[in-house]
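Chains as they are written, first to last, in my numbering: chain A, 1 to 243; chain B, 1 to 89.
Every residue gets a Cβ at the ideal spot worked out from N, C-alpha and C, and that includes glycine.
Here the structure is a predicted model, which means the values were calculated and not measured.
What follows is a set of notes on a single structure, which appears directly below.
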Amino acid sequence: MGNEQKENSNKYSIIIPTYNERLNIALLVYLIFKHLSNVNFEIIVVDDGSPDRTQDIVKQLQFVYGEDRILLRARPKKLGLGMAYIHGLKHASGNFVVIMDADLSHHRKYLPNFIRKQMETGADIVTGTRYVKGGGVHGWNLMRKLTSRGANVLAQTLLWPSVLDLTGSFRLYRKSVLQDVISSCVSKGYVFQMEMIVRATRKGYNIAEVPITFVDRVYGSSKLGGSEIVEYLKGLVYLLLTT
Amino acid sequence: MKHILKILALLVGISAFWIGLLQASVIPESYTWLLPLYFIVSLGCYGVLMVGVGLMQFPTCPQEALLLHQDILEARDFLKNKGVDVGSN
């Protein structure tokens, strides 16, 4: 576990956008509390009117953990990832913001690593990368790995970002930096994640990386089809021309 | 400077170099004319190589799936006791 840190007076707001994550949300909240036991944090669940009553589960969790630790800031319907973060940001009282997926592919146990890395390097953004030793993926077949690797090489060649894993969505941001970068991003989905990192690179922010592992969807299904690839390529061209 | 301008500047620089080579006739002309083609092909090969290497070195973590399952069981126990509904679909 390392040296139990010097005074960490920072507060971390963890924003989790959810849609139909009834099964996952309780599990991940438990895991966050387990791995961040001596950190000052709050969890902000931004639910887009999930029909599977994810919000009811969140209310039960609030009963267990306290309404000051778990904030439910819902919206009436699906409004997109970027908007979810912006919405969550408005209610965030921490000086650092963590964004992560609601499914269990991002393991909460890496949260202390993100925090430690940020404190060591003073970075503005710490992003998780799956492509290095110590990180990795599980549950991807060869085709998936190929598309991921191909997409990454293409993006690296065209955009020259300062990170290895562009499409990852497990990140820690200094709150002011997130507010600055997010205001100029317009893409959707994972292109949005790429746009965030590329714009942050262009603005000269200090970005650090930590290895993370990615276990593909335990509950629910992942999607990567032809239309996603087209979206990705369009996103690349857009980023190439506008950043 | 916008990124695309950096790339364009790079391309312009390379083109100028290529035209310079054509003019100076240091290398036989037929060869010089083919240089851009060689360049593009090698770029493509480099890309394919990077993808292949990356694919072979792709880190996997099967043990993480196991650990995750254990965590899920632990979480379910705890939450059930506290009255949170963690029933499966």
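| Query | Result |
| --- | --- |
| What are the residues of the region 44–72 of chain B that lie near chain A, defined by any Cβ-Cβ distance shorter than 7 Å? | GLY47, MET50, VAL51, GLY54, LEU55, PHE58, PRO59, THR60, CYS61, PRO62, GLU64, ALA65, LEU68, ASP71, ILE72 |
| Is A/GLY220 helix, strand or coil by DSSP? | For A/GLY220, the pLDDT reaches just 46, beneath the cut-off of 50, and the residue's location in the model is therefore unreliable, although a value from the coordinates is still provided. It is coil, neither helix nor strand. |
| Could you pull out every unbroken alpha helix (DSSP H) segment of at least 4 residues lying fully inside the region 106–182 of chain A, listed in chain order? | 111–121, 142–159, 175–182 |
| Since B/GLU79 meets chain A, which of its residues come closer than 9 Å, beta carbon to beta carbon? | Reading off the sequence shown, one finds Leu at residue 79 of chain B, where the question assumed Glu. By Cβ distance, chain A contributes ALA26, LEU27, VAL29, TYR30, GLN60, LEU61, VAL64. |
| Counting only beta-carbon atoms, is A/LYS145 nearer than 8 Å to chain B? | yes |
| Kindly indicate which residue of A/MET119, A/LEU172, A/GLN179, A/ASP48 has the alpha-carbon position closest to the one of A/ARG22. | A/ASP48 |
| If you compare alpha carbons, which of A/LYS90, A/PRO17, A/ILE44, A/LEU178 is closest to A/ALA123? | A/LEU178 |
| Indicate whether at least one CB of chain B lies closer than 8 Å to the CB of A/GLU209. | no |
| Does DSSP put A/LYS11 in a helix, in a strand, or in coil? | strand |
| If you count every other CB in all the chains shown that lies within 10 Å of the CB of A/PHE192, and 16 or more means buried, which is it? | buried |
| Can you tell me whether A/MET196 is buried or exposed? The criterion is at least 16 other CB atoms within 10 Å of its CB, across all chains shown. | buried |
| From B/VAL86 to B/ALA65, what distance separates their C-alpha atoms? | 20 Å |
| Out of A/ILE43, A/LEU72, A/ALA155, A/SER169, which one is the CA nearest neighbour of A/LEU241? | A/ALA155 |
| Quick check: what's the CA-CA separation for A/SER184 versus A/ASN95? | 20 Å |
| Shortest alpha-carbon distance to A/LEU166 belongs to which of A/SER176, A/LYS175, A/LEU172, A/ASN152? | A/ASN152 |
| Give the interface partners of A/VAL215 over in chain C, defined as CB-CB distance under 7 Å, in chain order. | Judged by its chain identifiers, the structure shown contains no chain C, and its protein chains are A and B. |
| Take the Cβ of A/ASN24 as the centre, count every other Cβ of all protein chains shown within 10 Å, and call the residue buried at 16 or more, exposed below. | buried |
| Taking the alpha-carbon positions, what's the A/LEU233 to A/LEU239 distance? | 10 Å |
| Hey, out of A/ILE182, A/ILE15, A/GLU120, whose CA is closest to A/SER93's CA? | A/ILE15 |
| Note down the Cα distance separating A/VAL231 from B/GLU74, rounded to an integer number of angstroms. | Looking at the sequence itself, residue 231 of chain A is Glu, so the reference to Val does not match. About 39 Å. |
| In whole angstroms, what is the alpha-carbon distance linking A/LYS11 and A/TYR190? | 27 Å |
| If you reduce the DSSP assignment to three classes, tell me which class A/ALA74 lands in. | coil |
| What's the gap between the Cα of B/LEU79 and the Cα of A/LEU79? | 30 Å |
| Over the uninterrupted alpha helix (DSSP H) stretch that includes B/ASP77, give me the two end residues. | 62–81 |
| Using a Cβ-Cβ cut-off of 8 Å (strictly less than) and excluding sequence neighbours within five positions of A/LYS145, which residues of its own chain qualify? | VAL137 |
| Check whether chain A comes within 8 Å of B/ALA9, counting only Cβ atoms and requiring the distance to be less than that. | no |
| Under the DSSP definition of a beta bridge, which residues are partnered with A/ASP52? | Answer by DSSP bridge pairing: none, since A/ASP52 is not bridged. |
| Between which two residues does the alpha helix (DSSP H) harbouring B/GLU29 extend? | 29–56 |
| In angstroms, rounded to a whole number, what distance separates the CA positions of B/LYS2 and A/VAL198? | 12 Å |
| Using a C-beta cutoff of 8 Å, does B/LYS4 count as contacting chain A? | Rather than Lys, the amino acid found at residue 4 of chain B in this sequence is Ile. It does: the Cβ of B/ILE4 has a partner Cβ on chain A nearer than 8 Å. |
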